[in-house]
Each structure stands twice: as structure tokens, then as C-alpha cells.
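Numbered by the working numbering, the letters in the sequence shown go through residues 272 to 606 in order.
For every residue, glycine included, the Cβ atom is placed at its ideal position computed from N, Cα and C.
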Amino acid sequence: MNYRTRLKQWLIATLVVWLMTGMLIGFMTYNLVSLTYLLLMMAALAISVLVSVATLNHTQNEVSRINKAHSRTKRAVQEQQLKIDRFEYEAKKAGELRRIVLNSTQEKDHSLRSMADALHNAMDEIMGLLQEQPDNALEQMQSRTASMKRYAGDLQYLARLELKSELPEYVELDFLSEISRLIDDWSGIGKPRKVKVKLDNHEEQLVLHSDAHWLENLLSRIVHPFIRLNEKTQLVIHLICYLDAELGDALRIEFSIDGWQFADEQLKRLLTEYVSVVQDGQEIGPGLSFVVARRMAQMLNGYLDVANSGTGLQALVVLPRNSLFDDEAEELGAY
């Protein structure tokens, strides 16, 4: 029951009480006073009734005015609170974007410095090989030169990603067909090192909205270093679809291989800087492969992690199964 209904009820009750009071006074004084006095009392009673009704009406109007003013004030407070919340949200998001851009800039600086150091070290090694002239000097120089060309290409591609010169074009993909084709190619690469590639999958079908070229580039940058670092072992690729707390419907791709393990110092730099591994004069390290792969995963709105397992290495790629970017990812793409 609102205040208007209550006021109407009070008004009716007041009129009834005044009417009954007038009737009672008239009945009690009809034979005691003259008609003139009776009419005067009834007139005074009627005036009292009118004053009471006017007072109730004025009270009702005043209450209505106060309620309207209260509603306007409440609405204004809510609007100001919404503005404050929006400003806080935008400030928080701007801070996150600045942090991401700063981290990205720092990673590029680290990569450039690491690349310069790697090139410097490679030239020293080549000069040393020329002076010592071992039996396999030419083979080692070819290996180091090829690795430098590969790392220079990675650095160039990383710059293209940072400058947004290349962006994914999303289409609906049959991921199981795509990964089967890639596994055939990877098995051919692993054959000289006797590394087998096995797919562990329990999904009957797997539809993914993504860019086939980007997926091949991203996953190959994980598989190729894993194969180069190991021999006479098996690379297992495990697929599973699940609901991620942040990404929603997501695809989890896990790579695991027994054999080589990175040192703790190398693991800290694996996703942000150049990492070199020389074995028997041959460069087999990931270089910038994981750095580029991590950035590609981020631009696909997912993430990448590489770590030592109990018996070797493992890498985890998580990607959303649809192509819907959140507001933060879209704004980051503008930088």
C-alpha cells in the first residue's frame, strides 16, 4: 500500500468522523439550544472539516513533492556512483594496458640485446673455428650461421607482431584435420632424430574459430625446438576441450617429451628472451621460438607456458574456441 492510498483512507476516515460528530452534536443539542446557535455550531463544524481536508490535501502534496525530490536525489546519486565505477574501471583497465605495453616493450628490448649478444658470440665462435680449423669447422660454421638466420627471422616476425603488421583472420576450422596434417609433417622432421610424434585425443570432433596459418606457425614453434633438443624419444600431444574461467569454451593443447630439461636460469628467460643451447658444436636451442609463440598465443586471446616435467619438457597452449575478443584485447590491438 503506497502513501497516496493511505492518505485517501485517512481523508475518508476524517470526513466520516466529522460527519458523525456533527450528527451527534445536532442530536444532543437539538432541544437545548436555539436554531441559530445550532446552525452556527454546524457552520463551525463544517469549516473545521474543510480546514482538515485542506490540511490533509496540503500534506499529501508536500509528501509527494518530498518523495519526488528524494527520487531525483537518489537517481542523481546512482548516476554519480555509476560514473565513479566507470572511471575506476577505465583507470584499472588503462593501468593494465600500460603494464602490458611496458612489458611488451621490455621483452622486445631484452630480445634485441640477447640477439646482439648471440650474434657477437656466434662471430667469436666462427673466428675461433677459423683459427683452430677443426675437422668439422665448416659444418659448425654452417650450423651457427643457419641458427643466426633463423633467429634473425624470428626477431623480424616478432617485430611484425608487435607492430600489428600481421593479424589473424578467423574462420571455422576442423582442428582434428589440421593437427593430423601437422603431425605428419612433424613426424617427417623428427625421423632423422628418431623422435616419434603421437596424438592423444578423445574428442570425436573439434571445431575451432581461428587462423590456420597462425595455428601452424604457433604450434610448430613449440614442436621444432622440442625435436631439436631430443632424440630417440616420443613427443605426445594431448587435446582436451573444457570451460576456462576466463576464456570460456577453450581448447587445451599439451605437449610432453622425455629427455632434455632446461636449467632454472634458462627457464626464467625462455618466454621473454633469446636462449641458446650448443651441443657438439651445433646450435639446437629454441632461440626466440618460444618468445614469438607466446606473443602469437596472446594475440589469439590465449596463453602459452613452457616448463620442465619430471622426465623432460612440457608446453601448454590454451586457446578460446571462438574468435570473440574481450574489450581489453581489442583495445590492446590498437597499440
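Report the partner residues of residue i according to the DSSP bridge assignment.
| i | result |
| --- | --- |
| residue 521 | 513, 591 |
| residue 442 | 481 |
| residue 577 | 586 |
| residue 468 | 506 |
| residue 527 | 507, 585 |
Using beta-carbon positions only, say whether residue i and residue j come within less than 7 Å of one another.
| i | j | result |
| --- | --- | --- |
| residue 499 | residue 564 | no |
| residue 469 | residue 494 | no |
| residue 528 | residue 583 | yes |
| residue 680 | residue 501 | Residue 680 is absent from the model: the chain starts at 272 and stops at 606. |
| residue 422 | residue 556 | no |
| residue 509 | residue 487 | no |
| residue 549 | residue 537 | no |
| residue 560 | residue 496 | yes |
| residue 262 | residue 292 | Outside the displayed span of the chain (272 to 606) sits residue 262, for which this structure offers no information. |
Can you find the residues in the same chain that come closer than 7 Å, C-beta to C-beta, to residue i, ignoring five residues on each side of it along the sequence?
| i | result |
| --- | --- |
| residue 443 | 478, 480 |
| residue 511 | 523 |
| residue 519 | 591 |
| residue 574 | 568, 589 |
| residue 504 | 466, 528, 529, 530 |
| residue 455 | none |
| residue 593 | 480, 520 |
Return the chain-ordered list of same chain residues with a C-beta closer than 6 Å to the C-beta of residue i, the five sequence neighbours on each side being excluded.
| i | result |
| --- | --- |
| residue 576 | 587 |
| residue 432 | 566 |
| residue 541 | 561, 577 |
| residue 328 | none |
Just the C-alpha distance for residue i and residue j, rounded to the nearest angstrom, thanks.
| i | j | result |
| --- | --- | --- |
| residue 463 | residue 554 | 16 Å |
| residue 319 | residue 335 | 24 Å |
| residue 461 | residue 441 | 30 Å |
| residue 445 | residue 539 | 35 Å |
| residue 490 | residue 424 | 17 Å |
| residue 552 | residue 410 | 9 Å |
| residue 357 | residue 337 | 30 Å |
| residue 485 | residue 369 | 26 Å |
| residue 447 | residue 476 | 7 Å |
| residue 290 | residue 315 | 13 Å |
| residue 325 | residue 362 | 55 Å |
| residue 354 | residue 360 | 10 Å |
| residue 450 | residue 473 | 14 Å |
| residue 534 | residue 543 | 15 Å |
| residue 307 | residue 283 | 29 Å |
| residue 344 | residue 352 | 12 Å |
| residue 585 | residue 453 | 18 Å |
| residue 471 | residue 517 | 25 Å |
| residue 366 | residue 430 | 24 Å |
| residue 340 | residue 287 | 33 Å |
| residue 317 | residue 330 | 20 Å |
Helix, strand or coil for residue i? Go by DSSP, reduced to three states.
| i | result |
| --- | --- |
| residue 501 | coil |
| residue 550 | strand |
| residue 555 | coil |
| residue 414 | helix |
| residue 473 | coil |
| residue 323 | helix |
| residue 280 | helix |
| residue 428 | helix |
| residue 359 | helix |
| residue 543 | coil |
| residue 435 | coil |
| residue 572 | coil |
| residue 534 | coil |
| residue 286 | helix |
Can you list, in chain order, the residues of its chain with a C-beta nearer than 8 Å to that of residue i? Leave out the 5 residues immediately preceding and following it.
| i | result |
| --- | --- |
| residue 458 | 467, 468 |
| residue 483 | 442, 444, 449 |
Could you tell me whether the Cβ of residue i comes closer than 7 Å to any Cβ of chain B?
| i | result |
| --- | --- |
| residue 280 | This model lacks chain B altogether, as it is built from one protein chain only. |
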